[in-house]
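Numbering (my numbering), first residue to last: 8 to 250. One structure is given below, encoded as structure tokens.
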């Protein structure tokens with residue numbers, strides 16, 4: 008069933024039932040709506056950061072703020088699409104190449120989060136469902152009790168995940184922290200960098216180990232565990248088991 012959103016724009020509220028609509032407002036847009044567990048909220052930025060955290064109200068809440076060169080506020084334009092799988096919110100590009108739109112998203116329990124931007128960092132903390140983050144120029148920091156996927160070209164990736172991971176950078180380090188009891192099928196690769204494993208692995212009887220390699224280190228823990236791929240070209244890779 009297609010989700011129906013209630014949009015609250017700076018000074019006025021409207022009820023929108025639509026497939027895709029472009030909204031124009033002042034420097035700030037505030038959106039509130041309801042998504043069910045298993046659905047996904049997708050944020051598509053261009054220039055600017057994307058930040059996500061758990062929702063305390065149980066609703067999906069999105070705040071978009073647009074700044075131009077010099078810190079002046081300019082109009083926000085968003086394209087919004089509701090579909091059976093969730094909601095997609097995209098910043099509409101303008102001729103002002105110096106303008107930035109930053110997003111702050113509060114995600115309901117059990118709702119997947121996907122954040123994308125070209126120039127900016129992506130930060131997602133304390134989430135319970137799957138997380139996906141993609142940027143070209145910027146760092147990524149994600150945290151979830153579920154699995155996560157992240158890619159960046161120029162930037163580092165830090166992830167704290169409870170299940171599988173697929174993390175890839177070109178120019179930057181990759182760091183993953185998982186529970187001590189995690190069972191993972193590892194595929195870890197770097198061309199110009201070191202691979203380090205810290206704390207005890209589930210199969211070393213409490214003995215910490217560290218392994219360095221310029222290319223690839225693969226290991227299998229348990230039977231048919233979640234896949235864990237960590238890759239970079241220029242940078243170090245660190246896998247940490249939390250206590």
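For glycine and all other residues, C-beta sits at the position ideal for the given N, C-alpha and C. Computed from a prediction, not measured in an experiment: that's the story for all the values here.
- Residue state for residue 199 is assigned as strand, using DSSP reduced to three classes.
- With a 10 Å radius around the Cβ and a threshold of 16 neighbouring Cβ atoms, residue 188 comes out exposed.
- 8 Å or more divides the Cβ of residue 176 from the Cβ of residue 155.
- Among the bridge pairs identified by DSSP, residue 91 is matched with none.
- In terms of Cα proximity to residue 70, the closest of 64, 59 and 134 is 59.
- Here residue 120 is actually not in contact with residue 106; their C-beta atoms are around 24 Å apart, not less than 8 Å.
- With fewer than 16 other Cβ atoms inside 10 Å of its own Cβ, residue 91 counts as exposed.
- In the DSSP annotation of this structure, the continuous segment of the beta strand (DSSP E) that includes residue 49 starts and ends at 47-51.
- Taking residue 117 as reference, the option from 146, 97, 152 and 95 with the minimal CA-CA separation is 152.
- CA-to-CA, the gap between residue 194 and residue 47 works out to about 27 Å.
- With a cutoff of 8 Å on beta-carbon distance, residue 125 and residue 54 are scored as near each other.
- In the DSSP annotation of this structure, the continuous segment of the beta strand (DSSP E) that includes residue 114 starts and ends at 107-114.
- When 247, 238 and 190 are compared, the shortest CA-CA separation from residue 203 is found for 247.
- As the crow flies, the alpha-carbon of residue 94 is around 7 Å from that of residue 87.
- Taking residue 68 as the centre and dropping the five residues before and after it, the same chain places the C-beta of 37, 38, 39, 62, 112 and 113 closer than 8 Å to its C-beta, in chain order.
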